[in-house]
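Numbering (our numbering), first residue to last: 240 to 727. All residues carry an ideal CB built from backbone N, CA and C; glycine is no exception. A short worksheet on the structure shown next.
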């Protein structure tokens, strides 16, 4: 057993800490911020509570497997609730569509709100996406890679051909459903991987199946309950946790990690160092210069987040809602090609008070708004928050009758804020998931220094809560195998 220091107490750092401590390793978890959780955070103000990072759960299996592997009952720590409808969609033409994990509900919505001619295509789409997901996840996602040659095997190549994984997502979806509203509904999810749906590969259609096939979930008490649960398990496993403790550098001697140096100059010795830090940031600030550090990374988009305390009701909004702009393709082109703040933004809203009544004072709403914008390599939305907020409020007035005089406060999170917590270029969703930053091409969870590893959204397999939990499992497997090899 070895002494392990984990730098960064986001979801990946916490999940790794409990997994490695369970194996008997001596684990120390260090976080630069005052709170644990990284992007999973919450805001409490004037009786309102907001999740300020991720606001929903999909693909529950990685979370369930973590608790199973720790030999504890998930339900003793978390109570995930399936939301039905999953979310409500507001189109600019006035159409309102309730997306659901229930096929019968979806068939009825499509037939009554769109066209009965589109139902058969929807059913074929879900069947094909479900088949693709159950082939892709075990073959390409739940594995560590040694090199690009790991992809060059009969099974992997057969699946690429069977499902057409590298085909264009938008062009594939139109083969199933032709109505532009459904095409938007079944492709927009790739925006949160840093990809325009117009350019994303077909394989990312599995995100649609995760939503519509496996459902959207919400843990009782809010998303931060996941962090509280993992902190409790970590402390019970003997993990030492330090907050407000920034790290200056990883100490490398003769090509091997020997510990970390804190910002105050103190040194923590370690046989293994795990970095739950955005990979480009880690190479730029914490590790010695190396070939990998000079790689030209491609980032996801960023986001403006507004947490609005609203002193009235907005009954037409559900827990989750999506508001599409009148010209969605233009919206995508502005963000991903021109890299400018969109003139007519599409955005997402969340009112967790729909599920947790204590998240807002009686008769009030905790209105969370997320607007995708370019990361800071393009036009910086940080200086344009008032303009974007004004457009959002105009659209909400149109969609659900929002009245500005009932706004009690607005708390905002900008690309500059994302960058301040270590996300390179303020990219709220981490590294992009284009082909050459996926599978074996994504930054490895093993750094080019012995004893240094990565976990989290910017290493394999990718971003999003399920992928980060899988990342912690892959890290545990790699460290265990390589420590065993070293001992032999």
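Item	Value
Contacting residues, own chain, Cβ-Cβ under 6 Å from residue 330 (five flanking each side not counted)	420 and 563
Buried or exposed by the 16-neighbour rule on C-beta atoms within 10 Å, applied to residue 672	buried
Secondary structure of residue 613, DSSP reduced to three states	coil
Collapsed DSSP secondary structure at residue 560 in the structure displayed	strand
Neighbour-count burial assignment, residue 727, 16 or more Cβ in a 10 Å radius	Its pLDDT being 38, under 50, residue 727 is placed unreliably by the model, and the measurement read from it follows with that caveat. So residue 727 counts as exposed.
Cut-off 7 Å between Cβ atoms - residues of its own chain near residue 678, not counting five sequence neighbours on either side	379, 384 and 390
Separation of residue 375 from residue 440, as counted between CA atoms	13 Å
Span of the beta strand (DSSP E), counted from its first residue to its last, around residue 415	Neither: residue 415 is in no beta strand (DSSP E) and is coded neither H nor E.
For residue 185, the nearest candidate out of 480, 632, 636 and 702 (CA to CA)	The requested residue 185 is not part of the displayed model; the chain covers only 240 to 727.
Given residue 337 as reference, the closest of 346, 343 and 324 once Cα atoms are compared	324
Reference residue 326, options 557, 343, 576 and 526, closest by Cα	557
Alpha-carbon to alpha-carbon, residue 247 and residue 395	34 Å
Collapsed DSSP secondary structure at residue 383 in the structure displayed	coil
Secondary structure of residue 395, DSSP reduced to three states	helix
Distance CB(residue 426)-CB(residue 408) smaller than 8 Å	yes
Residue burial classification, residue 493 (beta-carbon count within 10 angstroms, cutoff 16)	exposed
Those runs of the alpha helix (DSSP H) which lie wholly inside the region 558-640 and span at least 4 residues	567-572 and 624-639
Touching by the beta-carbon criterion (3+ pairs, under 8 Å), the region 657-673 and the region 692-709	yes
Delimiting residues of the alpha helix (DSSP H) encompassing residue 465	463-475
For residue 693, three-class secondary structure by DSSP	strand
Residues that residue 456 bridges to, as DSSP identifies them	296 and 321
For residue 546, the three-state DSSP class (helix, strand or coil)	strand
Coil, strand or helix - residue 274 by DSSP	coil
Classification of residue 613 by the beta-carbon crowding that lies within 10 angstroms, buried from 16 upward	buried
Euclidean distance between Cα positions of residue 368 and residue 450	11 Å
Rounded distance between the beta-carbons of residue 574 and residue 611, thought under 8 Å	6 Å
contact_flag[the region 705-721, the region 251-259] where n(CB pairs < 8 Å) is 3 or more	yes
Extent of the continuous beta strand (DSSP E) to which residue 508 belongs	506-508
As assigned by DSSP and simplified to three states, the class of residue 330	coil
Beta-carbon contacts of residue 309 that lie in its chain and below 7 Å, excluding the five residues immediately before and after	257, 261 and 472
Own chain partners of residue 290 with C-beta closer than 6 Å, once the 5 adjacent residues on each side are dropped	281, 461 and 462
Helix, strand or coil at residue 718 [DSSP, three-state]	helix
Proximity below 8 Å, CB of residue 470 to CB of residue 275	yes
Residue from 476, 452 and 675 with nearest C-alpha to residue 342	452
Start and end residues, beta strand (DSSP E) containing residue 498	495-501
The region 536-547 in contact with the region 599-609 per 3-pair CB rule at 8 Å	yes
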